[in-house]
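As structure tokens, the structure follows; a few thoughts come after it.
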Amino acid sequence: MSIAEILLEKGLVTPAHLTQAMELRRTDGLRLDRALVQIGCLTEEELLEVLSEQLSIPLIDLASVEISNDALSAIPPKLVFRKNIVPVSRENGTLTVATSDPFDLYSFDELRLLTGLEINPVLATQDEISKIIKAHFGVGGDTIDEMMSSDDLEVISETAEGAEDLVEMAQEASVIKLVNEIFVEAIGERASDIHIEPYENDLHVRFRIDGVLQPASVPPQIRSFQAAIISRIKIMSNLNIAEKRLPQDGRIKLQVGGRQIDIRVSVIPMLFGEGIVMRILDKSTVMFTLPELGMDDNTFGMFNELIAQPHGIILVTGPTGSGKTTTLYAALQEIVSDEIKVLTVEDPVEYHLDGINQIQINPKINMTFSRGLRAILRHDPDAVMIGEIRDAETAEAAIQASLTGHLVLSTLHTNDACSAPTRLLDMGVEPFLVASTLAGAMAQRLVRAICPECKESYLPDRDQLPRDLDMELPEGAELYRGVGCRKCRNTGYHGRSGLFELMVANEVIRERVMSRAPTSKIVAAAAENGMHMLRADGWDKVRAGVTTPAEVLRVACG
176 MSIAEILLEK GLVTPAHLTQ AMELRRTDGL RLDRALVQIG CLTEEELLEV
226 LSEQLSIPLI DLASVEISND ALSAIPPKLV FRKNIVPVSR ENGTLTVATS
276 DPFDLYSFDE LRLLTGLEIN PVLATQDEIS KIIKAHFGVG GDTIDEMMSS
326 DDLEVISETA EGAEDLVEMA QEASVIKLVN EIFVEAIGER ASDIHIEPYE
376 NDLHVRFRID GVLQPASVPP QIRSFQAAII SRIKIMSNLN IAEKRLPQDG
426 RIKLQVGGRQ IDIRVSVIPM LFGEGIVMRI LDKSTVMFTL PELGMDDNTF
476 GMFNELIAQP HGIILVTGPT GSGKTTTLYA ALQEIVSDEI KVLTVEDPVE
526 YHLDGINQIQ INPKINMTFS RGLRAILRHD PDAVMIGEIR DAETAEAAIQ
576 ASLTGHLVLS TLHTNDACSA PTRLLDMGVE PFLVASTLAG AMAQRLVRAI
626 CPECKESYLP DRDQLPRDLD MELPEGAELY RGVGCRKCRN TGYHGRSGLF
676 ELMVANEVIR ERVMSRAPTS KIVAAAAENG MHMLRADGWD KVRAGVTTPA
726 EVLRVACG
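Following my numbering, the numbering of the sequence shown begins with 176 at its first residue and continues without gaps.
Right under this line is the structure:
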């Protein structure tokens, strides 16, 4: 029986599917089985299961197989990339090779002649094979292999001064492909930042995934193309490629798989070349709503009451990358309606929000936060979001906006919620103005969430637990952790959740702000008013199986 007949008999495809696949085969030259997968009537895994059964070739899960170094060294990388195959093991003169195409007999013959070994094929999906190739041979390994063997590409040393040569080198098709592959890999891995770091004898590429830096799988030969890669990124960012002595900032707009991606680029000269950090902003990312942020019921209820007020200042505090802007966007989505006009002043405008007027600041032409805020108050807004209160001028403008009957939301860099009023006082704002306008402040952190695919429960060693968690944990209680799998890159974590600490201003807190009381006294008053501390919120999420004690300790002090 043919493959088509077998698929029909098993009910995996219909005659209509076969007709559609035959048409695709005529127009695109695809093999019938590949055409059936492409039109989506069956998955590649379902097809491989049938082929495995008919051809008596085992179907394996590459993620659970340990690839031997002997096998990896048996085949040249160029052949691995060209044939999209993975050597799995080498034993007793036999090389086991994973392929997604059991009909490619020519490749098996080529391997047999090249290695002098008997070839034992096994089946795996193209996606699994690609992931193993990237893990062992590096992202863009095939491109670098071509570049290393190409006579067309001239690698210019770090001391090269010719700007025209740099442009020509950066526009080579192979360099463009390599940089694009780094971007696609970072976006596919959900990275928020790409770090390219030059060292004396190496070039490191790292991705920040779920808030933690992880090395990217790139071939060691990438160091030879440092100048070409950096020049290519500079051209994409509209930066001066000949300037290597001063920091530069730029922006790249990409479209990846129909998604609009905005990349902020920062280039800084370092000892062994220019270092680049690129912040990835996915404009098509589904916006979070307030209930999705991970607040406990009490904090969620109080925060909802705060943003429903007609005026006052609400501050979200925390370090860079703690999700402050995401929280503000979620709050704005909660209050926006046809009856309310909302304006924002941001740097940059990270996400486009329907029903909200957003303004991009531009310091080069003196369009600052404070100037933008004063201007938009003449546009009769009900609520205003300021990207960040950075200085006394912006703080005073926010205070005036609140005093004139506007709800003002903004961010501030402080370690906890109760330090927010103290920070405003330090900026030079009068105590009575802070006390009369500050409605509340919320500190937040992001912790990595346990990967749902490899999550397991365990009985913790009580001696190893932080004392404040141990005291609250019942005897014999189990906690959770991720053991590591392909989905989470063997980290045990996938995605993030927020920890929150909300201070709602009451009369006692206002009095202490008026008297310039130390932060510790404001903390005591907020705790009496029902404030749930960051670390306590973290332990709640540990007990609920959302995250681990190590993650809470990483972001929240005792």
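Even for Gly, the Cβ is constructed at its ideal location relative to N, Cα and C. Source: prediction; values computed, not measured.
Please list, in chain order, all residues of the same chain as residue i whose beta carbon is under 8 Å from its beta carbon, the five residues on each side excluded.
i, result
"P627", "H669"
"Q430", "I436"
"D302", "E219"
"R664", "E364, I384, Q389"
"E224", "L234"
According to DSSP, simplified to helix, strand and coil, what is residue i?
i, result
"N590", "coil"
"Q484", "coil"
"R710", "helix"
"V806", "Because the chain in this structure spans residues 176 to 733, residue 806 falls outside the shown range and cannot be described."
"L183", "helix"
"T492", "strand"
"I214", "coil"
"E375", "coil"
"I561", "strand"
"S227", "helix"
"L613", "strand"
"H554", "helix"
"F382", "strand"
"A624", "strand"
"R201", "helix"
"V354", "helix"
"K662", "coil"
"H311", "helix"
"E449", "strand"
"N295", "strand"
"S177", "coil"
"G603", "coil"
"T519", "strand"
In whole angstroms, what is the alpha-carbon distance linking residue i and residue j?
i, j, result
"V658", "M470", "26 Å"
"L582", "D557", "7 Å"
"M323", "P395", "The predicted position of M323 is uncertain, since its pLDDT is 49 and thus under 50; no value can be drawn from it."
"E682", "G547", "32 Å"
"P538", "V520", "12 Å"
"D712", "C732", "12 Å"
"T189", "K662", "33 Å"
"I443", "V491", "30 Å"
"L199", "L528", "40 Å"
"E509", "T502", "11 Å"
"R383", "V452", "10 Å"
"D472", "T694", "26 Å"
"G204", "I404", "36 Å"
"A572", "I564", "10 Å"
"Q229", "L237", "21 Å"
"T579", "L378", "54 Å"
"E221", "L211", "11 Å"
"Q423", "A361", "22 Å"
"Q484", "F478", "10 Å"
"H554", "E364", "42 Å"
"D636", "V261", "41 Å"
"P641", "K630", "22 Å"
"I760", "I250", "In the structure displayed, the chain extends from 176 to 733; residue 760 sits before or after that span and is not available."
"L584", "V727", "27 Å"
Grab me the residues of residue i's own chain with a C-beta within less than 7 Å of its C-beta, minus the 5 sequence neighbours each way, in chain order.
i, result
"V240", "V263"
"V698", "C593"
"F675", "M470, T474, M617, Q619, D712"
"E375", "F447"
"A366", "F382, R383, I384, I455"
"E180", "none"
"G450", "I371, E372, P373, I443"
With residue i and residue j assumed to form a contact (beta carbons below 8 Å), what rounded beta-carbon distance in angstroms separates them?
i, j, result
"T269", "L298", "That belief does not hold up - the Cβ atoms of T269 and L298 are roughly 17 Å apart, past 8 Å."
"R398", "L388", "At roughly 19 Å, the Cβ-Cβ gap does not stay under 8 Å, so R398 and L388 are not in contact."
"I308", "F256", "7 Å"
"V604", "A567", "7 Å"
"D643", "W714", "7 Å"
"L613", "I488", "5 Å"
"N704", "V679", "6 Å"
"G739", "G498", "Limits of the chain in this structure are 176 at one end and 733 at the other, which puts residue 739 out of reach."
Might you give, ordered along the chain, the residues of its own chain that have their beta carbon closer than 6 Å to the beta carbon of residue i, omitting 5 neighbours on each side?
i, result
"N413", "G425"
"I351", "none"
"I534", "V520, G547"
- prompt: Counting only runs that start and end within the segment 669–698, where is the alpha helix (DSSP H) found for 4 or more residues in a row?
  reply: Entirely contained in the segment 669–698, the alpha helix (DSSP H) runs reaching 4 residues are, in chain order, 682–689.
Runs of beta strand (DSSP E) wholly within the segment 386–430 (minimum 3 residues, chain order): If we require 3 residues or more, the beta strand (DSSP E) runs fully inside the segment 386–430 come out as 387–390.
task: Would you list, in sequence order, the uninterrupted alpha helix (DSSP H) runs of no fewer than 4 residues that lie entirely inside the segment 230–293?
output: Uninterrupted alpha helix (DSSP H) stretches at least 4 residues long and entirely within the segment 230–293 occur at 244–247, 252–258, 280–290, given in chain order.
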